[in-house]
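S.K.: Quick note on our numbering: the sequence shown kicks off at 43 and runs consecutively.
By construction, the Cβ of each residue, glycine as well, lies at the ideal position given by its N, Cα and C atoms.
My structure is below; once you've seen it, I'll send some questions.
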Amino acid sequence: MSGVTLTSVSKKFGEVEVIHDVSMEIAQGSFAVFVGPSGCGKSTLLRMIAGLEETSGGRIEIEGRDVTREEPSNREVAMVFQNYALYPHLSVFENMAFSLRLAKASKEETKAKVEEAAEILQLTDQLKKRPKELSGGQRQRVAIGRAIVRQPKVFLFDEPLSNLDAELRVQMRLELARLHRQIGATMIYVTHDQVEAMTLADDIFVLKGGYVQQSGAPLDLYDDPTNRFVGGFIGSPA
Ligand code: ADP
Ligand code: MG
């Protein structure tokens with residue numbers, strides 16, 4: 043079963059087309075990684091899947107349901123941003139509970155979901171703190187926690203680790219891999235870091251100039267890059 047399917051998706055900003063006829067199938071429960079240089083369209087693709095940006099053409103399906111014209115809140119996706127976007131005046135608990143409050147979840151349900159997410163993310167002792175009292179890694183975990191409580195079918199990560207130092211990135215990478223194993227949802231992860239791509243991905247989609255240049259399992263791309271661009275990006279000679 044497909045988790046996310048794009049069929050001939052395009053995107054124009056004004057007269058300029060930045061995504062050209064992209065089709066892809068991301069298996070349900072898999073970890074897909076979009077890689078490619080700055081400006082190649084990674085964030086735009088993710089934002090279209092999330093519904094934060096309209097498509098100019100084509101179709102987007104989530105677990106077989108056409109969501110191309112759905113509001114973001116009706117897509118069962120949750121996006122984690124690189125700048126966390128936490129509410130500074132709210133506690134960690136309230137930050138994670140926010141979307142559940144909007145959805146009018148009961149107090150008991152909210153508490154249970156937030157506590158479960160906190161446990162997965164090792165934030166149980168931090169729930170009363172404000173974001174400014176946390177480390178960078180903990181703030182990133184809160185941002186992920188806000189996605190987890192919504193129990194989305196698809197998690198979208200836009201370069202979530204790019205603000206962290208090298209050591210913390212390695213640690214968070216392992217945590218994301220563990221999270222994926224534990225939750226089993228479809229995850230789409232955007233990065234320009236090929237080590238991250240190679241270590242996290244079930245499937246890598248190499249983007250260039252708004253096209254998918256090549257896609258496949260990390261080792262297949264490594265062994266058989268179709269051209270110099272992919273080889274250069276994945277780190278093997280083409
Ligand atoms: P990436 O995330 O891979 O760095 P983006 O998806 O942010 O790339 O951008 C892809 C292209 O679309 C770039 O040329 C960028 O300048 C352009 N673009 C992105 N967002 C907008 C926007 N809101 N208005 C106009 N152009 C945009
Ligand atoms: Mg981007």
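Return the Cβ separation of residue 184 and residue 132 in integer angstroms, given the expectation that the two are a contact with Cβ distance under 8 angstroms.
M.R.: Within the sequence shown, the letter at position 142 stands for residue 184. Within the sequence shown, the letter at position 90 stands for residue 132. No, residue 184 and residue 132 are not in contact; Cβ-Cβ is about 10 angstroms, not under 8 angstroms.
S.K.: For the region 179-238, list the alpha helix (DSSP H) runs that are entirely contained and at least 4 residues long, ordered along the chain.
M.R.: Qualifying alpha helix (DSSP H) stretches, in chain order: 208-225.
S.K.: Give me the pocket residues for the ligand ADP, defined as CB within less than 5 angstroms of any heavy atom, sorted by chain position.
M.R.: Any residue whose Cβ sits closer than 5 angstroms to a heavy atom of the ligand ADP makes the list: 55, 60, 80, 81, 82, 83, 84, 85, 86.
S.K.: Around the C-beta of residue 90, are 16 or more other C-beta atoms found within 10 angstroms, so that it is buried, or is it exposed?
M.R.: If you number the sequence shown from 1, residue 90 lands on position 48. Burial call: buried.
S.K.: Helix, strand or coil for residue 280? Go by DSSP, reduced to three states.
M.R.: As a working mapping, residue 280 is identified with position 238 in the sequence shown. Low confidence applies here, because residue 280 scores a pLDDT of 43, under 50, leaving its location unreliable and the question unanswered by this model.
S.K.: Check residue 53 in the structure and name its three-state DSSP category.
M.R.: If you number the sequence shown from 1, residue 53 lands on position 11. Strand at residue 53.
S.K.: Compute the Euclidean distance between the alpha carbons of residue 263 and residue 136, then round it to the nearest angstrom.
M.R.: Position 221 of the sequence shown, counted from the first residue, corresponds to residue 263. Position 94 of the sequence shown, counted from the first residue, corresponds to residue 136. In a straight line, the C-alpha of residue 263 is about 43 angstroms away from that of residue 136.
S.K.: Between the Cα of residue 252 and the Cα atoms of 246, 45, 83, which residue gives the shortest distance?
M.R.: Here residue 252 refers to the residue found at position 210 of the sequence shown. It is 83 whose Cα lies nearest to the Cα of residue 252.
S.K.: For residue 190, which residues in the same chain have their Cβ closer than 6 angstroms to its Cβ, ignoring the five residues on either side in sequence?
M.R.: The residue you call residue 190 lines up with position 148 of the sequence shown. Only 159 meet the Cβ criterion.
S.K.: What residues are listed by DSSP as bridge partners for residue 257?
M.R.: On the sequence shown, position 215 is the one that residue 257 refers to. In the DSSP output, where bridge partners are listed per residue, residue 257 has 247.
S.K.: Bridge partners for residue 44 per DSSP, in chain order?
M.R.: Stepping through the sequence shown from its first residue, residue 44 is reached at position 2. DSSP lists 69 as partners of residue 44.
S.K.: Pick from 176, 80, 193, 145: whose alpha carbon is nearest that of residue 232?
M.R.: Within the sequence shown, numbered from 1, the residue matching residue 232 stands at position 190. Looking at the Cα atoms, 80 is the closest of the given residues.
S.K.: May I ask which residues mark the beginning and end of the alpha helix (DSSP H) holding residue 109?
M.R.: Position 67 of the sequence shown, counted from the start, is the residue given in the question as residue 109. Note, residue 109: premise wrong, no alpha helix (DSSP H); not H, not E.
S.K.: When the Cα of residue 249 is compared with those of 76, 68, 161, which residue comes out closest?
M.R.: By one-based count along the sequence shown, residue 249 stands at place 207. That would be 76, whose Cα lies nearest to the Cα of residue 249.
S.K.: Is residue 95 near the ligand MG, going by C-beta to nearest heavy atom under 7 angstroms?
M.R.: For the purposes of this step, residue 95 is taken as residue 53 along the sequence shown, with counting starting at 1. No - the ligand MG has no heavy atom lying nearer than 7 angstroms to the Cβ of residue 95.
S.K.: Whole angstroms are fine: how far does the CA of residue 228 sit from the CA of residue 195?
M.R.: Within the sequence shown, numbered from 1, the residue matching residue 195 stands at position 153. Within the sequence shown, numbered from 1, the residue matching residue 228 stands at position 186. Spanning the two alpha carbons is a distance of roughly 6 angstroms.
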